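S.K.: One structure is given below, represented as structure tokens, and several questions about it will come after.
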Amino acid sequence: MCMNSKGLLNGSLVIAGGGRLHSDVIERFIELAGGTQASIIVIPTAQEENLVANKGKDLIAFEQAGATNITILHTYDRNLADTEEFAAPIKLAHAVWFSGGRQWRLADAYLHTKVHQELNALLGRGGVIGGTSAGATIQGSYMVRGDTQTNTILMGDHVEGLGFLENVTIDQHLIRRNRHFDLVEVISAQPELLGIGIDEGTAIVVQGTNFEVIGNSYVAIYDNEYMNTTGGKFYFLSPGDTFNLDTREANLSYSMNQASNQASN
């Protein structure tokens, strides 16, 4: 029997599928943060060391959308990340954004540290956490593609995420990289999990037990109970559709949307 996936008691998550951030995703993140003057922290730690020093494309996109109070927080040293001094800026932030790269770097640096504690506290006071690509996958409790050697190994040497969503695993670049069958393997091996695959240019916005799909492509849902009762491996949601993480039921914005209704064979 599948355990329920769980949403949020407080705060919001903006979980994007990689590629170029859609304007809807950027605008919603800034809006939820409190507007263009809100304090936003960008964490680029998923990237390689030679890229971290550069102003990343996500930060540039937020600036172009009018955000004026953005700072960068970064370390690969989990001992430093476990200090009150390093984690202190999160106490004053309205929102935190994880850039893309390799999700195992985020886990190595921040899992079970003071930074992790302050991220949970940020959500607890109604703040926002967002991320794209690796910064999306790290937000689930089970982290796919976390192997240090290659991102083609789904269940590798790093599998624990930051766990903002319990009993959930998140994949990204779904259709663009032809990954839409990949989470079937994970859900078969870990039947308690809910799998969420997000395509590029697309995001889910989680508030409470529900999320909404925004952007311009699709989100796939992988649910072992659904697989057992229908024979379908997954089904699609499109922008405007919503999903209840507790009941694992979708509410489709367009009842005739075949892409959302049709389970893959």
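With positions in the sequence shown counted from 1, the corresponding number in my numbering is that position plus 17.
We put the beta carbon where it would ideally sit given N, CA and C, even for glycine.
In this text the structure is predicted, and so the values were computed from the model without any measurement.
1) Can you give the Cα-Cα distance for residue 269 and residue 52, rounded to whole angstroms?
2) What does DSSP give as the partner residues of residue 71 in its beta bridges?
3) Going by DSSP, what residues sit across from residue 23 in a beta bridge?
4) Please state whether DSSP places residue 214 in a helix, a strand or coil.
5) Return the chain-ordered list of same chain residues with a C-beta closer than 7 Å to the C-beta of residue 88, the five sequence neighbours on each side being excluded.
6) Return helix, strand or coil for residue 240, following the three-state DSSP convention.
7) Based on the DSSP output, what are the partners of residue 220 in its beta bridges?
8) Could you name each continuous alpha helix (DSSP H) segment of 4 residues or more that falls completely within the segment 128 to 199, going from the start of the chain to the end?
9) In three-state terms, what does DSSP make of residue 86?
10) Per DSSP, what kind of secondary structure is residue 280 in: helix, strand or coil?
11) Look up residue 18 in the DSSP assignment and say whether it is helix, strand or coil.
M.R.: With the structure as the only source:
1) 29 Å
2) Bridge partners of residue 71: none, in fact.
3) 183
4) strand
5) 58, 106
6) strand
7) 33, 231
8) 131 to 141, 151 to 154
9) coil
10) Residue placement at residue 280 cannot be trusted, given a pLDDT of 46 that sits under 50; what the coordinates show is reported in the next sentence. DSSP places residue 280 in coil when its eight states are reduced to three.
11) Residue placement at residue 18 cannot be trusted, given a pLDDT of 43 that sits under 50; what the coordinates show is reported in the next sentence. Here residue 18 sits in coil by DSSP.
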